[in-house]
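Trainee: Residue numbering for the sequence shown follows this note's numbering, beginning at 3 and increasing consecutively.
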Amino acid sequence: MLALLSSQGQEWGIPPERVVLAGFSMGGTVAAWTALQVPRSLAGLLLFGTEGLSFTGGWASPKTLTGPGSEWATGADGLQVLQCHGREDSLCPIGFATTCADELRQLGCSVRSLAFRGVGHALSADMIDEAKTWLRQRLPSI
Numbered sequence: 003m004l005a006l007l008s009s010q011g012q013e014w015g016i017p018p019e020r021v022v023l024a025g026f027s028m029g030g031t032v033a034a035w036t037a038l039q040v041p042r043s044l045a046g047l048l049l050f051g052t053e054g055l056s057f058t059g060g061w062a063s064p065k066t067l068t069g070p071g072s073e074w075a076t077g078a079d080g081l082q083v084l085q086c087h088g089r090e091d092s093l094c095p096i097g098f099a100t101t102c103a104d105e106l107r108q109l110g111c112s113v114r115s116l117a118f119r120g121v122g123h124a125l126s127a128d129m130i131d132e133a134k135t136w137l138r139q140r141l142p143s144i
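Structure representation (structure tokens):
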């Protein structure tokens with residue numbers, strides 16, 4: 003994923019500061035791990051119903067969560083994150099979102115975390131509206 007971001011970004015002339023990675027559920031965990039390892043900060047990270055960095059089924063170690071300046075988390079410092087989570091999510095309970103936000107902040111990210119009433123493990127129209135507003139702020143017109 004990192005190699006693809008680098009090669010395609012160069013080929014298409016898209017600098018990292020114009021790239022936002024996004025993901026839902028475990029896809030959000032993969033997007034987060036990827037964004038944190040990009041050598042230059044991305045424009046942002048958008049997470050929906052995401053478990054958190056330590057919920058990886060063993061393919062990534064939570065021991066690496068050691069705070070700002072972590073060797074592996076070169077893209078964490080100041081990374082802007084919008085996290086949207088359903089309060090009624092029974093597959094990925096809201097406590098997981100809190101843990102995820104705490105982990106990201108510990109690494110140096112700036113996290114805006116929103117919880118949506120009446121939403122389970124899904125996207126809602128309100129989440130999409132929040133994401134659109136956030137994306138417009140993160141990626142102004144060129």
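In this text, a Cβ means the ideal position worked out from N, Cα and C, and glycines have one as well.
In the structure shown, what three-state DSSP assignment does residue 126 receive?
Mentor: Residue 126 sits at position 124 when you count from the first residue of the sequence shown. Coil, per DSSP.
Trainee: Which value, in whole angstroms, describes the spacing of the CA atoms of residue 70 and residue 143?
Mentor: Position 68 of the sequence shown, counting from 1, holds the residue named residue 70. Position 141 of the sequence shown, counting from 1, holds the residue named residue 143. Annotation note: pLDDT 49 at residue 70 (below 50); position unreliable, coordinate value reported separately. If I take the Cα positions, the gap works out to 31 Å.
Trainee: Count Cβ pairs between the segment 94-104 and the segment 130-137 that sit closer than 8 Å; are there 3 or more?
Mentor: With the cut-off at 8 Å, the segment 94-104 and the segment 130-137 do not touch.
Trainee: Rounded to whole angstroms, what is the Cα-Cα separation between residue 120 and residue 127?
Mentor: Translated into the one-based positions of the sequence shown, residue 120 becomes position 118. Translated into the one-based positions of the sequence shown, residue 127 becomes position 125. Distance between the alpha carbons of residue 120 and residue 127: 12 Å.
Trainee: What is the DSSP secondary structure of residue 119, reduced to helix, strand or coil?
Mentor: As a first step, residue 119 is located in the sequence shown; it is residue number 117 there, counting from the start. It is coil, neither helix nor strand.
Trainee: Could you tell me the distance, in whole angstroms, from the CA atom of residue 28 to the CA atom of residue 84?
Mentor: For the purposes of this step, residue 28 is identified with residue 26 of the sequence shown, where counting begins at 1. For the purposes of this step, residue 84 is identified with residue 82 of the sequence shown, where counting begins at 1. Taking the straight line from one Cα to the other gives about 16 Å.
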